[in-house]
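Protein sequences, first through last, are from chains A and B.
Per the numbering used here, residue 1 is the first one in the first sequence, and the count goes up by one each step.
Per the numbering used here, residue 194 is the first one in the second sequence, and the count goes up by one each step.
Notes to accompany the following structure.
Protein chains: 2
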Amino acid sequence: MAATKKIEDEELMRRLALVFQSHGYEGASLATISQATGLKKPSLYHRFPRGKEQMAEEVLRHAGEWIDRNLLDPLRAPASPRQRAELFATRIGSLYHRGKDSCLLNLLSVTKSEDNPFAGMIHETFRRLSRSLSQVARDAGADPKDARLRAEEVLIAIQGALVLSRGIGSTAPFRRMQKKIPDLLVASRREDR
Amino acid sequence: MAATKKIEDEELMRRLALVFQSHGYEGASLATISQATGLKKPSLYHRFPRGKEQMAEEVLRHAGEWIDRNLLDPLRAPASPRQRAELFATRIGSLYHRGKDSCLLNLLSVTKSEDNPFAGMIHETFRRLSRSLSQVARDAGADPKDARLRAEEVLIAIQGALVLSRGIGSTAPFRRMQKKIPDLLVASRREDR
DNA sequence: GTCTATAATATGATAGAC
DNA sequence: GTCTATCATATTATAGAC
C-alpha cells in the first residue's frame with residue numbers, strides 16, 4: 001500500500017512538473033492541473049493545502065532531489081573528470097528530453113507577484129549545480145576561479161540552449177550544446193581566450 | 194500633435210514591454226498593465242482592440258524594430274568585424290539593462306494555450322539575429338557553417354546569461370558573458386575545440 | 001481618447017457528502 | 001482521498017457618457 005502510494009506520488013509530481021514546464025506558473029490554472037493529473041480541485045487541495053504555490057514548491061523540491069541524485073552524485077563519482085562531465089551531459093539530455101522540455105528554474109522564476117516566491121529555491125538549486133560542476137573542473141586542473149567560471153559557462157549554455165531551442169522550435173541548438181559540455185568544463189584552453 | 198502622439202506611443206510600448214518582461218504574458222493582468230501605463234482598461238482596448246494578445250504582439254514588433262535599428266544595422270556598419278561585435282555587445286547590455294531585465298523572446302514564448310500565438314514572431318526575430326551575427330563571423334574569416342554555429346553560441350550565451358542572472362539574483366553572469374561576445378563571434382579557435 | 005460602470009467568464013479556494 | 005456543488009474574487013471585455 002505504501003509502495004503504491006509512493007509510485008502515485010511520483011507520477012503526480014511528474015505530471016505537475018510537466019504542466020508548469022509547459023505553461024509557466026501563471027499559465028498553469030487549477031483547471032489545467034486538474035486535467036493533467038486526473039485529480040479534481042478538492043483532491044489537489046487535500047494533497048496541497050496551500051494550493052498552487054505549494055504545488056510549485058514541491059515540484060521544485062522534487063526536481064532538486066532528482067538533480068542531486070542523477071546529476072550531482074555522478075559528478076562526484078570515482079571516474080575521470082572528463083568521464084564525469086560526459087555522464088553529466090547525458091543526464092542533462094534526459095532531464096530536458098533532449099531539448100524538448102523547458103527548465104522549471106527558468107519558468108518558475110516568472111510570476112505575477114513582485115517578489116517571486118520561488119526565488120530562494122531556484123537560487124539554491126543553481127548554487128548546488130555550480131558548486132558540483134566547478135569541483136569537476138578543479139579535479140581536471142583548473143584553479144578555483146577558473147573552475148567557477150567554467151561551471152557558470154556550462155549553466156549558461158544549458159539555459160540558453162533551452163531558450164533558443166524553444167524559441168526556434170528545434171532541438172538542434174540543445175543537442176549541439178550538449179556535445180560541448182565536457183570541453184567547456186574540463187578541456188584546457190588557450191591563454192588568450 | 195502628431196509628434197506628441199508619437200512620443201506617447203513610444204512611452205506606452207516601453208512600459209508595456211516592461212510589464213511583460215517582469216511578469217510574463219499570463220502574469221501581466223490588465224489591472225497591472227493599466228497601472229503601469231496609466232491608461233484605464235477601456236483606453237487600452239481603444240488602442241488595442243484585440244486586447245492583451247495584441248498588446249504583446251505590438252510589443253514584440255516594437256522590440257523587433259529596436260533590434261533591427263540598434264543591433265542589426267550596426268552589425269552591417271563599415272567597421273572591422275571585431276569592432277562590430279564589440280558594438281553589438283555594448284548594445285546588448287543596454288537592451289537588457291546590463292542583465293537586470295529579462296528577454297521578451299523568452300518570457301513571451303510561455304503562455305497558457307497549447308500553441309503559442311507569438312511563436313512565429315519569436316522564431317523570426319531569432320532568425321534575423323542569427324543571420325546578421327553569422328555574417329559578421331563570415332566577414333572575420335569563418336566558413337558559413339562555423340559562422341552559423343558561432344551566431345548560435347552568441348544567442349545561447351545571451352539567453353542563458355539572462356536566465357542565470359535572474360535565477361541567482363545577480364547580474365555578474367550577464368556582465369561576464371557580455372565581455373566574451375566578441376571572441377565568441379570573431380576570434381580564431383584551436384582545431385580541437 | 002479617456003473615463004465610470006458593468007457584464008461574462010475564469011480562477012483560486014472551500015463546504016460537505018461519500 | 002475523492003468527489004459534486006458552490007463561493008468570492010480576479011480577469012477579460014464592453015456599453016455608453018464625456
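Cβ atoms here follow ideal geometry from the backbone N, Cα and C, with glycine treated the same way.
Between which two residues does the alpha helix (DSSP H) containing residue i stretch?
{"i": "residue 299/B", "result": "297-300"}
{"i": "residue 40/A", "result": "It is not in any alpha helix (DSSP H) - residue 40/A carries neither H nor E in the DSSP assignment."}
{"i": "residue 311/B", "result": "Careful: residue 311/B lies outside any alpha helix (DSSP H) and carries neither H nor E."}
{"i": "residue 195/A", "result": "A question about residue 195/A goes unanswered here, because the residues of chain A that appear run from 1 up to 193."}
{"i": "residue 186/A", "result": "172-186"}
{"i": "residue 141/A", "result": "That residue, residue 141/A, is in no alpha helix (DSSP H); it is neither H nor E in DSSP."}
{"i": "residue 60/A", "result": "52-67"}
{"i": "residue 287/B", "result": "274-288"}
For a contact meaning CB atoms closer than 8 Å, what does residue i contact in chain B?
{"i": "residue 177/A", "result": "349"}
{"i": "residue 34/A", "result": "Those within 8 Å of residue 34/A in chain B number zero; the least Cβ separation is about 14 Å."}
{"i": "residue 109/A", "result": "356, 359, 360"}
Less than 9 Å between CB atoms is the rule here; does residue i satisfy it with respect to chain B?
{"i": "residue 27/A", "result": "yes"}
{"i": "residue 163/A", "result": "yes"}
{"i": "residue 126/A", "result": "yes"}
{"i": "residue 192/A", "result": "For residue 192/A, the pLDDT reaches just 44, beneath the cut-off of 50, and the residue's location in the model is therefore unreliable, although a value from the coordinates is still provided. Yes, residue 192/A counts as interfacial toward chain B."}
{"i": "residue 119/A", "result": "yes"}
{"i": "residue 160/A", "result": "yes"}
{"i": "residue 149/A", "result": "yes"}
{"i": "residue 3/A", "result": "At residue 3/A, the pLDDT of 41 sits below 50, so the modelled position is not reliable; the number obtained from the coordinates is stated separately. Closer than 9 Å: no."}
{"i": "residue 30/A", "result": "no"}
{"i": "residue 17/A", "result": "no"}
For chain A, is any of its Cβ atoms less than 9 Å away from the one on residue i?
{"i": "residue 409/B", "result": "Limits of chain B in this structure are 194 at one end and 386 at the other, which puts residue 409/B out of reach."}
{"i": "residue 401/B", "result": "The displayed coordinates of chain B run from 194 to 386. Any statement about residue 401/B would go beyond what the structure contains."}
{"i": "residue 217/B", "result": "yes"}
{"i": "residue 305/B", "result": "yes"}
{"i": "residue 295/B", "result": "yes"}
{"i": "residue 374/B", "result": "no"}
{"i": "residue 252/B", "result": "no"}
Using a C-beta to C-beta distance shorter than 7 Å, which residues of chain B count as neighbours of residue i?
{"i": "residue 122/A", "result": "360"}
{"i": "residue 173/A", "result": "345, 349"}
What does residue i reach in chain A if we use C-beta pairs closer than 8 Å?
{"i": "residue 327/B", "result": "What residue 327/B touches in chain A: nothing, since even the nearest Cβ is about 13 Å away."}
So which residues on chain A does residue i lean against when the C-beta distance must stay under 7 Å?
{"i": "residue 298/B", "result": "167"}
With a threshold of 8 Å (Cβ to nearest heavy atom), would residue i be considered close to the ligand HEM?
{"i": "residue 228/B", "result": "The ligand content of the structure shown is nil, which means the ligand HEM is not present either."}
Meets three-Cβ-pair contact criterion under 8 Å: the stretch 129-139 of chain A and the stretch 112-119 of chain A
In this structure the stretch 129-139 of chain A does not touch the stretch 112-119 of chain A; the number of beta carbon pairs closer than 8 Å is below three.
Are the stretch 25-38 of chain A and the stretch 213-226 of chain B touching, with three or more C-beta to C-beta distances below 8 Å?
Because the criterion of three Cβ pairs below 8 Å is met, the stretch 25-38 of chain A and the stretch 213-226 of chain B touch.
Flag this pair as touching only if the stretch 248-267 of chain B and the stretch 44-61 of chain A have three or more C-beta atom pairs under 8 Å; answer yes or no.
These segments do not touch.
Do the stretch 63-78 of chain A and the stretch 39-54 of chain A make contact, defined as three or more Cβ pairs closer than 8 Å?
They do not touch, by the three-pair rule.
Is there contact here, the stretch 200-210 of chain B with the stretch 134-142 of chain A, by at least three beta-carbon pairs under 8 Å?
Taking 8 Å as the limit for Cβ pairs, the verdict is that the stretch 134-142 of chain A does not touch the stretch 200-210 of chain B.
If contact is defined by three or more beta carbon pairs under 8 Å, each pair taking one atom from either stretch, is the stretch 83-97 of chain A in contact with the stretch 33-42 of chain A?
No contact exists between the stretch 33-42 of chain A and the stretch 83-97 of chain A.
Under 8 Å, with one C-beta from each stretch per pair, do the stretch 161-181 of chain A and the stretch 76-95 of chain A reach the 3-pair mark?
Flag = yes, the stretch 161-181 of chain A and the stretch 76-95 of chain A touch.
How about the stretch 349-365 of chain B and the stretch 156-171 of chain A: do they share at least three Cβ pairs that are nearer than 8 Å?
Enough Cβ pairs lie closer than 8 Å, so yes.
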